[in-house]
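Note sheet for the following structure.
In the working numbering, the protein residues as written are 1078 to 1887.
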């Protein structure tokens, strides 16, 4: 272990170098920090569903192509409850509400409701397409006639109104593109009809920016503001839709983020004050971790990584994690300084004693986090990159800036109690640590047996874990958006859409009766999909427009609500519809009539259910469509299915990679393969206990709880590193396992317990989140950290007692 002694000596020399050049170091570090922090103004937030996928992900590329062609599929859905939606007074108020939204909402393309529902009818020589309630009927007979028109229109049922006639919806189509350029300057107005075009046209022009999170939030906020003016007992308004859910996620995230940081700082400050009883012992660690957070966020801004529902935990995470290293340095420094009264010598001793262990613990934590950087999910990959970078930056600040600050400030040594021969004091903490060491030394087999029973029981329970990703359930059950979404799903057959593009690969390919018949048969087929978990609520396509037009041109007779079987007739009817003044056709076909869009209404499901549902839909696609057409499945629900499958796959890779990297570093530190591998066993126990808690309390294994495993391994191994680093040093020094365990716990145990308290409370703070996924993340990670320190205090010493006692090669 000669390399360790050399390394420790170099840390001592490095400490002297920092001490002699303290003001230069402080100036250089702060200058670099200020330069980095100047980029923080470029930070932005992204809570969009597509933001979970990398821009290079094939599904996101297809989704972007879809949006460029047909527009944004994330809508605002307003459900309005009343006794009778066809009541004259209700319709008058609805029309006023509709007009208010239409006139005052920014960045929208269309507002659709019962007021402007498409009413297609024919005369002897023309096709007329107008708004159903453009004029509110003044007499009961006319009102009854309009009511029958609405009820007999199959397109409107479960889209604009429910079957009972007590709920109607207003559907707001938000703009696809931002009204601002890349520099935030307003763009010139573009005619609505020119906004969308063929893919070739879109790619040939300057690339446009999609609607930003800020613009989406502005639309939602103004919608809620306008809705509040019309809210009444007989006009109950509920607002939902994926655009609203994203805005609410962003609002909750912003609120929680500010709250977390305040509480974590408060918790850490209180613990530091109790532990060190010095102003410098509170201010310096907090200063270091705040600089670490600023640096990490600055790196995110520099590399244009957004703050997401995943990376929002980064500031609080770094607050809790980075302070651990400062505690180890300061606890040794203050203890030595109180004895020697020599600041330079005390700093040298602290850096030599803990420098190598701190480097190794920071590297293991960074490795656990860095394993996420390969994730197929963009926010998780960003968390892996920037959290690991933040840990490394925090390490540099701890080893460079903290010693410089300690050297520069005035400190007074404190009076300390006299120590015993074995460096034991009479403090409660030390007596507790001695008692713990006695348990492991005197009853190692019992400790190991109990620990392994817990591990095996947990292994048996792991198989009962359930995977899940359903953002809507992150909100409380009484949250307005969750209530609105449930209402729309239950009464209007779905609040989310799946988009299917049928590409005939030839101009005017949609004039062919065969392809239209196939689309019709496919639509009817998937409408039969239904079980106790999911269903297909409705399909919308060009076929509906053709049927509606054909019926109108044949004296509005129901038997003509069919697809004409003549290509020329189809072409003529589509031309008549285009010339009628309605622009609805462009929502379902491209300008060359080669591509058709099928919109499938679905309820807001768990992503795992979308995976199963999509398999059924894929089977239907294979059943109905041949190789002459390309079928592309996209839309929000498809992205959600991709997110959960990518989470599972990426997490498995991250766990294996984190465990491998950390094990390698542990072997290097310990310097012995057998002992190094055995010392890793306790670091698996926190994950297993955590999964047991999840099963008992029916917590899903979602994107956030999947993160805990690799994070927990990285954090749990920190205490193991500190223990093994000191244990091996004492064991080789005295050739006495019992004494090595006692000295290690007395020397390192205090810092291990304090850092565990800081870390666990730092994560328990997340339990104050307004969203359940963050609550679960904080609770489970805090539990994992506590289990980890218990394993390091009891199981690791017991294993060392048994293994080293029976080893002949040591």
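We treat Cβ as the ideally placed atom computed from N, Cα and C, and that holds for glycine.
Counting C-beta neighbours from all protein chains within 10 Å, is the total for residue i 16 or more, i.e. buried, or is it exposed?
i	result
residue 1447	buried
residue 1445	buried
residue 1380	exposed
residue 1810	exposed
residue 1554	exposed
residue 1127	buried
residue 1080	exposed
residue 1115	exposed
residue 1658	exposed
residue 1339	exposed
residue 1601	exposed
residue 1868	buried
residue 1108	exposed
residue 1680	buried
residue 1692	exposed
residue 1508	exposed
Which residue wins for smallest C-alpha separation from residue i, given the options the options?
i	options	result
residue 1097	1485, 1151, 1854	1485
residue 1455	1716, 1420, 1617, 1475	1716
residue 1559	1597, 1463, 1614, 1682	1682
residue 1537	1643, 1768, 1103	1768
residue 1018	1776, 1139, 1186	Residue 1018 lies beyond the stretch modelled for the chain, which goes from 1078 to 1887, so this question has no answer here.
residue 1548	1311, 1747, 1318	1318
residue 1732	1783, 1108, 1181	1783
residue 1249	1258, 1241, 1256, 1237	1237
residue 1836	1399, 1330, 1743	1399
residue 1320	1472, 1475, 1251	1251
residue 1706	1613, 1792, 1593, 1664	1593
residue 1111	1848, 1288, 1373	1373
residue 1568	1669, 1156, 1121	1156
residue 1550	1540, 1541, 1589, 1561	1561
residue 1543	1684, 1093, 1191	1684
residue 1353	1329, 1378, 1462, 1491	1491
residue 1172	1151, 1214, 1636	1214
Using only the alpha-carbon positions, how far apart do residue i and residue j sit?
i	j	result
residue 1843	residue 1755	33 Å
residue 1720	residue 1290	20 Å
residue 1270	residue 1118	Per-residue confidence for residue 1270 stands at a pLDDT of 47, beneath the threshold of 50, marking its modelled position as unreliable; the derived number appears in the next sentence. C-alpha separation (whole angstroms): 35 Å.
residue 1627	residue 1781	52 Å
residue 1091	residue 1261	47 Å
residue 1625	residue 1599	18 Å
residue 1223	residue 1210	8 Å
residue 1246	residue 1856	39 Å
residue 1411	residue 1123	44 Å
residue 1891	residue 1200	Since the first and last residues shown for the chain are 1078 and 1887, residue 1891 lies out of range.
residue 1239	residue 1853	36 Å
residue 1832	residue 1404	7 Å
residue 1277	residue 1433	Note that residue 1277 scores a pLDDT of 46, beneath 50, so its modelled location is shaky; the value from the coordinates is reported in the next line. C-alpha separation (whole angstroms): 58 Å.
residue 1610	residue 1686	7 Å
residue 1344	residue 1083	38 Å
residue 1479	residue 1365	7 Å
residue 1471	residue 1159	58 Å
residue 1310	residue 1772	42 Å
residue 1584	residue 1141	22 Å
residue 1713	residue 1316	18 Å
residue 1758	residue 1824	23 Å
Less than 8 Å between the beta carbons of residue i and residue j, yes or no?
i	j	result
residue 1830	residue 1790	no
residue 1341	residue 1396	yes
residue 1435	residue 1406	yes
residue 1623	residue 1640	yes
residue 1439	residue 1469	yes
residue 1603	residue 1619	no
residue 1795	residue 1441	yes
residue 1095	residue 1106	no
residue 1615	residue 1678	yes
With hydrogens ignored, establish whether the beta-carbon of residue i is closer than 7 Å to any heavy atom of the ligand GTP.
i	result
residue 1162	As for the ligand GTP, it is missing from this structure, which has no ligand bound.
### Task
Taking only runs that begin and end inside the stretch 1297-1359, name each unbroken alpha helix (DSSP H) of 4 or more residues, in chain order.
1319-1353
#### Entry: Ranges of the beta strand (DSSP E) found wholly within the stretch 1589-1662, counting only runs of at least 3
1615-1617
### Task
Identify every run of the alpha helix (DSSP H) within the stretch 1492-1570, keeping only runs that are complete inside it and at least 4 residues long; order them along the chain.
1505-1519, 1521-1539, 1557-1569
### Query
Whole beta strand (DSSP E) runs in the stretch 1095-1146 with 3 or more residues, listed along the chain?
none
### Message
Ignoring anything shorter than 4 residues, give me the alpha helix (DSSP H) runs that lie fully in the stretch 1777-1864, in order along the chain.
### Response
1780-1811, 1814-1821, 1827-1841
### Task
List in chain order: all unbroken alpha helix (DSSP H) runs of 4+ residues lying wholly within the stretch 1698-1779.
1713-1747, 1750-1756, 1762-1773
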